[in-house]
Amino acid sequence: MTVNITDIDTLIVGAGQAGVAMSEHLSNQNVPHILLEKSRIAEAWRTSRWDSLVANGPAWHDRFPSMEFPNAEPDAFIPKEKVADYFNAYVEKFNLPVRTSVEVFSVTKNTNASGFTVETSKGTFNTQRLVSATGAFQVPIIPAIAPKDPELYQIHSAKYRNPRQLPDGSILVIGAGSSGVQIADELQRAGKDVYLSVGPHDRPPRSYRGRDFVWWLGVLGLWDAAANEPGKEHVTIAVSGAHGGQTIDFRELSKQGLKLIGRTESFENGIVSFRNDLANSIRNGDDNYLSLLKRADEYIANNGLDLPEEPEAHQLLADPECMSNPTLELDLKKAGITSIIWATGYTTDYSWLKVDAFDENNQPKHHRGVSSEAGVYFLGLPWLSRRGSTFIWGVWHDAKYIADQIVIQRQYQQYRNDA
Ligand SMILES: Cc1cc2nc3c(=O)[nH]c(=O)nc-3n(C[C@H](O)[C@H](O)[C@H](O)COP(=O)(O)OP(=O)(O)OC[C@H]3O[C@@H](n4cnc5c(N)ncnc54)[C@H](O)[C@@H]3O)c2cc1C
């Protein structure tokens, strides 16, 4: 039996924004490559996000440098389907070699030969290099504390679509990063009774003195920061482009009727317990918010910019009752809670990538995406090189760096081979 093997210099796995950016940079450097995607281009934006989601950053920022969003105001927050359409259009515009509906099953290092053997749903590839662009938000995490109560409707935020999907009754949303807080807000605006379990978070102002926070993070060098401040490694960021873009303000959300509680600790016999840390989390979030205003003011002064003053941005609402008299326990039945939405983040699955590029916790071993297994690269991971690494604009710059590293290795490999 003859096996048909496709030889290629570089294979990219995953056609989300990371894979698309990678393909653009490899094309620019004339590196022969193919991008394999198990479903469609930017599938996560189409089917793993809720219906009303818009990009967290405005159109002028949350895009690749080589193409603007068509027919969009620069300051608009683009709906998720249009974000996916953008990446489709991008692939067409730059004629990128994407093959959709091809799942990669396994990648193994060749023995006594350079490169890797890649088994897929559409045959075998032999590649010199492989870029894993399968995303950081791949496998939804529901913590082990989740109650095993068949009467409760429980989903991860990745499966939340809209308020109509939920049964009647109150809702507990666990996790108040960008997903949890937006979903809780949407449900509350739809007339639902909503509890939101809040942990440590950063909450930048949506805009300050006429500039969006994405601009402030840019000029202050914070998107490019190589690591979070010590102690803040696991702090989530609460931002939203919904309703034209508004600052996430937990005091305001409480005033609107959202029932805020601390971090969820356990479920036992129908009782859910919360840590007594809500006030602390909200105050730390406020400190983060105010510190950005301060740094922005300093930047304006140091650079002699003429931007309008915004003193009201420094005024915080009074502490709501939930801060001074926190709820530490809830009887789910008595509170009428019929559904729980776990907005508790994601993990990765690299079971298909059988190479020496992982540590004892199965986390990629890499420096700026160049892994410990020569020829294997990672893209799109949190803090791959900087704070912006998982975001649309940031991954484009990381991909450029990795393309350079690939070109450098190709040059070494070709040394004297061309003579
Ligand atoms: C709710 C939410 C909102 C977000 N909003 C924003 C935002 O507004 N702005 C922003 O900049 N970022 C945002 N992000 C972060 C990030 O931009 C997105 O998660 C984005 O989808 C990540 O792109 P990616 O290419 O790294 O991964 P993905 O988009 O997840 O793409 C990975 C691709 O790999 C494919 N794949 C996986 N395994 C295989 C395999 N074995 N074989 C073949 N293909 C495979 C998948 O099908 C998928 O298409 C958001 C994230 C979440 C979770």
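All the letters of the sequence shown, read from the start, carry residue numbers 1 to 419 under UniProt numbering.
We treat Cβ as the ideally placed atom computed from N, Cα and C, and that holds for glycine.
- Apart from the five residues on each side of it in sequence, which residues of its chain come closer than 7 Å, Cβ to Cβ, to F87? Q17, V20, I41 and A42
- Taking C-alpha atoms, which residue in A113, L130, P70 and L11 lies nearest to P97? L11
- Message: As a quick exercise: from G115, I145, A44 and L187, pick the residue whose alpha carbon is nearest that of T344.
- Response: I145
- Message: Which runs of the beta strand (DSSP E) at least 3 residues long sit entirely within the stretch 170-222? Give them in chain order.
- Response: 170-174 and 194-197
- Message: Contact defined as beta carbons within less than 8 Å: I believe A403 pairs with Q29. What is the distance between those atoms, to the nearest angstrom?
- Response: 6 Å
- Task: Using the DSSP secondary-structure output, state which residues sit across from N126 in a beta bridge.
- Result: D7 and T117
- Message: Short of 7 Å in beta carbon distance, which residues of its chain neighbour R386, apart from the five on each side in sequence? Order them along the chain.
- Response: W223, D224, A225, A226 and G394
- Spatial distance of P205 from Y153 (CA atoms): 34 Å
- Item | Rounded C-alpha distance that separates S27 from T236 | 35 Å
- Message: With H, G and I counted as helix, E and B as strand and the rest as coil, what does DSSP make of P163?
- Response: helix
- Message: Contact defined as beta carbons within less than 8 Å: I believe T347 pairs with V139. What is the distance between those atoms, to the nearest angstrom?
- Response: 5 Å
- Query: Are S157 and Y195 close, meaning C-beta to C-beta below 9 Å?
  - Reply: no
- Under a three-way DSSP split, which group does K255 fall into? helix
- Task: Quickly, what does DSSP pair Y377 with across the bridge? List them, please.
- Result: V131 and V370
- Task: Assuming R46 contacts E81 (C-beta within less than 8 Å), just tell me the rounded distance between them.
- Result: 7 Å
- Task: Please work out which residues of its chain come closer than 7 Å, Cβ to Cβ, to V219, disregarding the five sequence neighbours upstream and downstream, and give them in chain order.
- Result: Y299
- Item | Expected contact under 8 Å - CB spacing of I183 and W50 to nearest Å | 6 Å
- Item | the stretch 207-218 contacting the stretch 357-373, beta-carbon criterion three pairs below 8 Å | no
- Message: Tell me which residues share the same chain as A373 and place their Cβ nearer than 6 Å to its Cβ, disregarding the 5 neighbours each side in the sequence.
- Response: The sequence given here places Glu at residue 373; Ala does not occur at that position. Taken in chain order, the residues that qualify are V355, D356 and A357.
- Message: Any heavy atom of ligand 1 inside 8 Å of the beta-carbon of E312?
- Response: no
- Alpha carbon to alpha carbon, how far is G115 from N362? 22 Å
- Item | Contacts around P382, its chain only, beta-carbon distance under 8 Å, and the 5 residues preceding and following it disregarded | A136, S389 and T390
- Item | Cut-off 6 Å between Cβ atoms - residues of its own chain near P70, not counting five sequence neighbours on either side | none
- Query: Counting Cβ pairs, one atom from each stretch, are 3 or more of them under 8 Å apart for the stretch 185-195 and the stretch 244-263?
  - Reply: yes
- Under 8 Å from any heavy atom of ligand 1, does the C-beta of T134 make it? yes
- Return yes when the Cβ of R275 is within less than 9 Å of the Cβ of R283, no when it is not. no
- Below 6 Å CB to CB, which residues in the same chain sit around L166 once its five sequence neighbours on both sides are set aside? S339
- Message: Using the three-state DSSP reduction, which class does L35 fall into: helix, strand or coil?
- Response: strand
- Task: Classify A301 as buried or exposed, calling it buried when 16 or more other Cβ atoms lie within 10 Å of its own Cβ.
- Result: exposed
- Query: Which of the three DSSP states, helix, strand or coil, is assigned to R416?
  - Reply: coil
- Message: Can you find the residues in the same chain that come closer than 7 Å, C-beta to C-beta, to A76, ignoring five residues on each side of it along the sequence?
- Response: P58 and A59
- Task: Measure the alpha-carbon distance for E119 versus P364 and round it to whole angstroms.
- Result: 21 Å
- Query: Measuring from the CB of L379, is there a heavy atom of ligand 1 at a distance below 8 Å?
  - Reply: yes
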